[in-house]
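**Student:** The structure is given below, and queries will be raised subsequently.
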Amino acid sequence: MAYQPRAPNQTNTSDENNTNGRLYNPYQDLHLPTKTVYNLPTSPEFLFQEEAIAQRRSWGENLTYYTGIGYLAGATGGAAKGFATGVKSIEPTDTLKLKINRILNGSGHAGRQIGNRCGVIGLMYAGLESGMVAIRDTDDVVNSVVAGLGTGALYKAAAGPRSAAVAGAIGGVVVGIAVTGKQALKRYVPI
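Every letter in the sequence shown is one number past the one before it in this note's numbering, and letter 188, counting from 1, is 1575.
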């Protein structure tokens, strides 16, 4: 017996309450135990076989990851720097409201500025690294180091060739240290 809506002016009578009817349950004939309904796979699922073979993130995932990590790290560091600047700029005659305002303004300003810079650096690095992987058709340390060199040089290219060369060298060294540290961590720290 399916549910039958009543008109608003009808009242419940004792005859309707005593009938042996029940509401319709659309799931009553499925006979599925709840354990099989919620038994989700633990391995990742791929749409194409090529995705399952590749053991690295796609260029879009790389782009999102490095940009997000760069912005988050830069915003956190910038907020800490801005907090210190805000605390230093407090004058003895400031009220509590003005002190809080100085700290929040300093944290927000420096956090946004440095976060945006680091996010752009992460964006350039992800693009260059994915481009290197596509060109060389291999995924190794050379791609990461060259992407670091290119990112530093590209980021400071407007400041002149000398600044670009120094920034490129710094970028390559930083990425080289990071990759070496990651490989050492994988080898010597059991996780």
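Beta carbons are placed, not taken as given, at the ideal position from N, Cα and C, and that holds for glycine.
Round the Cβ separation of Ser1494 and Gly1518 to the nearest angstrom and send it over; I've been treating them as touching at under 8 Å.
**Tutor:** Going by Cβ atoms, the distance from Ser1494 to Gly1518 rounds to 36 Å, so no, they are not a contact pair.
**Student:** Taking just the CA atoms, how far does Asn1449 sit from Val1507?
**Tutor:** Cα to Cα, the separation comes out at about 13 Å.
**Student:** Quick check: the Cα distance between Ala1544 and Arg1489, rounded to an integer number of angstroms?
**Tutor:** So the alpha carbons of these two residues sit roughly 35 Å apart.
**Student:** Assuming contact is defined by CB atoms lying nearer than 8 Å, are Val1562 and Ala1534 in contact in what I supplied?
**Tutor:** The answer is yes: Cβ separation under 8 Å.
**Student:** Three or more C-beta pairs closer than 8 Å, one from the stretch 1498 to 1516 and one from the stretch 1457 to 1465: is that the case here?
**Tutor:** Output reads yes: the stretch 1457 to 1465 touches the stretch 1498 to 1516.
**Student:** I think Thr1454 touches Gly1539, with their Cβ atoms under 8 Å apart; what is that distance to the nearest whole Å?
**Tutor:** Not a contact, Cβ separation roughly 17 Å.
**Student:** Using alpha carbons as the reference points, say which of Ile1440, Ala1471 and Arg1574 lies closest to His1496.
**Tutor:** Measuring from the Cα of His1496, the nearest candidate turns out to be Ala1471.
**Student:** So what does DSSP say about Ile1564, is it helix, strand or coil?
**Tutor:** Looking at Ile1564 - three-state DSSP - the assignment turns out to be helix.
**Student:** Would you give the residue range spanned by the alpha helix (DSSP H) that Ile1440 belongs to?
**Tutor:** Counting along the chain, the alpha helix (DSSP H) containing Ile1440 begins and ends at Gln1436 to Ile1440.
**Student:** By the 10 Å Cβ neighbour count, where 16 or more other Cβ atoms means buried, how is Val1529 classified, buried or exposed?
**Tutor:** Answer is exposed; the Cβ neighbour count stays below 16.
**Student:** Residues in its own chain within less than 7 Å of Val1520 by CB, not counting five upstream and five downstream?
**Tutor:** Same-chain partners within the cutoff: Asp1526 and Asn1530.
**Student:** So, is Glu1516 buried or exposed, given that buried needs 16 or more other C-beta atoms within 10 angstroms?
**Tutor:** With 16 or more Cβ atoms within 10 Å of its Cβ, Glu1516 is classed as buried.
**Student:** So the alpha helix (DSSP H) Val1532 belongs to, where does it begin and stop?
**Tutor:** Per DSSP, Val1532 belongs to the alpha helix (DSSP H) from Val1528 to Tyr1542.
**Student:** Nearest-angstrom Cα distance between Ala1439 and Leu1483?
**Tutor:** Between Ala1439 and Leu1483, the C-alpha separation is close to 58 Å.
**Student:** By Cβ distance below 6 Å, which residues in the same chain neighbour Val1532 in space, the five residues on each side in sequence not counted?
**Tutor:** Gly1559, Val1562 and Gly1563.
**Student:** Please report the residue range of the alpha helix (DSSP H) in which Ile1522 lies.
**Tutor:** Its alpha helix (DSSP H) spans residues Leu1483 to Arg1523.
**Student:** Between the alpha carbons of Gly1568 and Ile1578, how many angstroms are there, rounded?
**Tutor:** In a straight line, the C-alpha of Gly1568 is about 15 Å away from that of Ile1578.
**Student:** Confirm, please, whether the CB-CB distance from Gly1473 to Asn1492 is below 8 Å.
**Tutor:** A contact, by the Cβ cut-off of 8 Å.
**Student:** According to DSSP, is Arg1444 part of a helix, a strand, or is it coil?
**Tutor:** Arg1444 falls in the coil class under three-state DSSP.
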